[in-house]
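When we follow this note's numbering, the leftmost residue of the sequence shown carries the number 66, and every step to the right adds one.
Positions of the beta carbon are idealized from the N, C-alpha and C atoms, including for glycine.
All figures in this text were calculated on a predicted structure; none of them were measured in a lab.
Working notes, structure below.
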Amino acid sequence: LSADEHLRLISAFDQVDDSVDILLIDTGAGISENVLTFNLASQETMIVVTPEPTSRTDAFALMKVLNRRQSGKPFLFLANMVRDRKEALELFDLVSRVADRFIPGLNLSFGGYLPIDPSVTQAVRNQRALAEMLPGTPFALAMRQVARDFLSRPPREGVRASIGLLMKRLLER
């Protein structure tokens, strides 16, 4: 982001500070400076991984860089575009085993999965939120489950949450 874009972003965040409990930022794949900045400033990082080799490679690269800069920071693994829970757990196991070998001290836990679902494409084409347009589809139901599981986790010890703190961390980068 440019300096001007950073200032506009900070201004926008200032307006929602009191009304937001959780801010979810989709940084996309890779290890660009923007991806690293937002992930390093965040309190938690959810790594979204598909079965594709390029997705796994991107996930390893991001986890390795972030773990090197913030050792011990937990990562939550979300399997995307999998057939079922079994495939999601197999993908998590594969990523975990490789990460254990090449990223010492990585704190990675399973955060759920999102199944392959043609209704996602339909919602994108219609430019509508899938959960509103087709709430009973496998993807929408799985997304609700991931959200429920995420929200039911106990808070991390010693972690203070606020949009202001995120902004302070972003400015320090």
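Could you tell me how far apart the beta carbons of residue i and residue j are, in whole angstroms, since I believe they sit closer than 8 Å?
| i | j | result |
| --- | --- | --- |
| V114 | A126 | Not quite, the Cβ-Cβ distance comes to about 12 Å (not below 8 Å), so this is no contact. |
| L89 | N145 | L89 to N145, Cβ: 15 Å. No contact. |
| F140 | L105 | About 13 Å; that fails the 8 Å criterion. |
| A153 | V147 | 5 Å |
Using 10 angstroms around the beta-carbon of residue i, count the other beta-carbons present and answer buried if the total reaches 16, otherwise exposed.
| i | result |
| --- | --- |
| P183 | exposed |
| T110 | buried |
| I87 | exposed |
| F157 | buried |
| A205 | buried |
| A77 | exposed |
| S67 | exposed |
Roughly how many whole angstroms lie between the Cα atoms of residue i and residue j?
| i | j | result |
| --- | --- | --- |
| A207 | L199 | 13 Å |
| D165 | M128 | 11 Å |
| R218 | A212 | 10 Å |
| S120 | D69 | 31 Å |
According to DSSP, is residue i part of a helix, a strand, or is it coil?
| i | result |
| --- | --- |
| S184 | helix |
| T92 | coil |
| L173 | strand |
| T110 | strand |
| P118 | helix |
| P139 | strand |
Any idea which residues DSSP pairs residue i with across the strands?
| i | result |
| --- | --- |
| N145 | L179 |
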